[in-house]
Amino acid sequence: MKRILFMAFAVLLLAVSSCKKENNNKASETEGLTQIQEVSNANFSVEIWGVKSGFETGYNDIYFRVKDKTSGVYLQDASLSWYPEMHMMSMSHSCPNSTIAKMNGKQTLYKAYAIFTMATNATEYWDAKIDITKNGEVSTVIPVLNVVASSTKKVASFTGSDSKKYILAYIEPQKPKAAVNDLVLGLFLKNGMGFDAVQNLNIEVDPRMPSMNNHSSPGNENPVFNPSDNFYHGKLSLTMSGLWKLNLIVKNANNDIIGGKAVTQTEDSNLYLEVEF
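To convert, note that position 234 of the sequence shown is 238 in this note's numbering; the numbers rise steadily by one, no gaps.
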């Protein structure tokens, strides 16, 4: 009898230990992130995580974890692909986004980004077709993504003087401060139903503070294309807290203006993004 009780206690202890280990692993894998939603099919449960508690217009880092529903184990070797799509009344379209890749130093966490160009409303919505490939078999989930309007303008769509359609997005700094900040912008060209990163155009940035007589700031550096991440990197000088408007001009190699215009005493550029802190 004692032996049976001992064995039962040992099994219970092992189960508790295993559960605790899984919870600790989950905490370490997703530390600093917030789970936004979870969607399942017959085979898998997909958790969607973010730095914030939801999605907003503009640039979003999005994180994924996939659990096998049969074993209850998070996948470490899955191949994930996706297609975010906005369903409008008369048409559907995607947005600039990256492939889903496993994060370095993580066992079960995968990451991608999406630049949502418009907010969800009563009749138009975003979803994402997520394909999970494991052992040569493909399984699909399609979560609906609720996207709210950002409090500041983080993404701009425009048709260039070359008649091409572009998306320009604010990426960094996510936590701006009164200093010279690292500036990162994304510039994309609409290509059919997808978007290609643009690398052969120049972006000029003129930050102004509307509430302070539209004054600018010293120490700014126009962003240049970096092939390591396909974004434009520069410097953004913010001399005080408040709302800043980043007036933008996009030019080609011949210095022809593709989009935007220079700031005057009475007019801002018609192409701009915003940052507030």
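Just so you know, even glycine gets a beta-carbon here, dropped at the ideal spot from N, CA and C.
Just so it is clear, the structure is predicted and the values come from calculations on it, not from any experiment.
Residues F281 of the same chain have their beta carbon placed closer than 8 Å to that of K179, with the five preceding and five following residues left out of the count.
With fewer than 16 other Cβ atoms from the protein chains shown falling within 10 Å of its own Cβ, T144 counts as exposed. Under DSSP, I119 forms a beta bridge with Y63.
One Cα belongs to L193, the other to L277, and the distance between them is close to 17 Å. Excluding five sequence positions before and after I40, the CB atoms of its chain that fall closer than 8 Å to its own CB belong to I52, W53, G54, S57, G58 and F59, given in chain order.
Straight through space, the alpha carbons of T268 and L37 are spaced by roughly 42 Å. Going by DSSP, V50 is part of the beta strand (DSSP E) stretching over F48 to G54. Contact between V254 and L205 holds, since their C-beta atoms are separated by about 6 Å, short of 8 Å.
The stretch 82-89 and the stretch 128-137 touch, with three or more beta-carbon pairs separated by less than 8 Å.
Contact check for I175 against G190 passes: the beta carbons are separated by less than 8 Å.
In this structure, the CA atom of G196 is about 20 Å from the CA atom of I262. Linking G164 to Y170 through their CA atoms gives a straight-line distance of about 7 Å. Nearest neighbour of P231 by Cα position, chosen from L242, Q203 and D72, turns out to be Q203. When the five nearest sequence neighbours on each side are left out, the beta carbons in the same chain lying within less than 7 Å of the beta carbon of K265 are those of I253, S273 and N274, in order along the chain. The bridge partners DSSP lists for T163 are K169.
Just measuring C-alpha positions, the residue of V184, T112 and F199 sitting nearest H237 is V184.
Contact annotation: D65 and Y114 have beta-carbon atoms that are not nearer than 8 Å. DSSP, reduced to helix, strand and coil, places S32 within a helical segment of the structure shown. Remark: C-beta atoms of V152 and A105 do not approach each other more closely than 8 Å. Taking all protein chains shown into account, G223 has fewer than 16 neighbouring C-beta atoms within 10 Å of its C-beta and is therefore exposed.
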